[in-house]
Amino acid sequence: MSVPPVAVAVAAAERRPGRPRDARADAAITAAAVEILAEKGPGGFTVDAVAARAGCGKATIYRRWPSRATLLLDTAHRLGLEPDEVDTGSVRDDLVLILSQLTTKLRETAAGRILPAVIAEASVNPEMRVVLARFIHDRRERPRHAVERGVARGDLAPDADVEMILDLVGGVAFYRELVSGEPVDDAYVGRLVDRVVAAFGPDAFGPDA
69 MSVPPVAVAV AAAERRPGRP RDARADAAIT AAAVEILAEK GPGGFTVDAV
119 AARAGCGKAT IYRRWPSRAT LLLDTAHRLG LEPDEVDTGS VRDDLVLILS
169 QLTTKLRETA AGRILPAVIA EASVNPEMRV VLARFIHDRR ERPRHAVERG
219 VARGDLAPDA DVEMILDLVG GVAFYRELVS GEPVDDAYVG RLVDRVVAAF
269 GPDAFGPDA
């Protein structure tokens, strides 16, 4: 049986102790990890499976990623769900675009398809809970920038709770897409964002609020 060229490259990298990391080995491992996660979900994602698919030893993986959790986190990042950076000049329009992107990716990408399984494992596996928390935190960065710009421009109140806004907008989308199965179409996204922006707008908080 012929040996895949990528496995030969990884094996060669393993035989060169003290040498710089081989980019071919990195590429083979990350490609294999993405395939395993997309095919089997987090429950079937093991270092053994990734090593077998990449044609390398587990030691090669552990020299690059110290644990299954770190490899899984890095792989999850490669699968997507990262919203684009948008700046329309309006916090309302920014959030509508970002939320529309998120709901589309939840429905149509590999990351969206495996996310329910990640959440399920995180409920019983502390290591996975850390992975999920980091994954969600990183994907809030661009929406956070949009909300912070809205505060700076005066679209939102100076003391608007940025994290609560992100919870309300993102939480509803995740609930409807992953739990209730109710649609999150453009009209719903617009209504949701309008209500959140109004609730935290510059005139929303009076002196006694």
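Just so you know, we're using this note's numbering here: the sequence shown kicks off at 69 and counts up by one.
By construction, the Cβ of each residue, glycine as well, lies at the ideal position given by its N, Cα and C atoms.
Bear in mind the structure is a predicted one, so any value in this text is a computation, not a measurement.
Check, Outcome
"In whole angstroms, give me the CA-to-CA distance for Ala95 and Trp133.", "13 Å"
"Roughly how many whole angstroms lie between the Cα atoms of Gly222 and Glu153?", "20 Å"
"When DSSP labels each residue in this structure, what does Thr156 get in the three-state scheme?", "coil"
"Which of the three DSSP states, helix, strand or coil, is assigned to Pro151?", "coil"
"Exposed or buried, what is Leu246 when buried is set at 16 or more other beta-carbons lying within 10 Å of its beta-carbon?", "exposed"
"For Thr156, which option in Ala137, Pro211, Gly269 and Ala272 has the closest C-alpha, if you only look at C-alpha atoms?", "Pro211"
"Quick one: any contact between the stretch 114-134 and the stretch 168-181, if contact means 3 or more CB pairs under 8 Å?", "no"
"Grab the span of the alpha helix (DSSP H) containing Asp287 for me, first residue to last.", "Given a span of 69 to 277 for the chain in the structure shown, any question on residue 287 remains unanswerable."
"What number of angstroms, rounded off, separates the C-alpha of Ile182 from the C-alpha of Glu150?", "15 Å"
"DSSP state of Gly125, grouped into three classes?", "coil"
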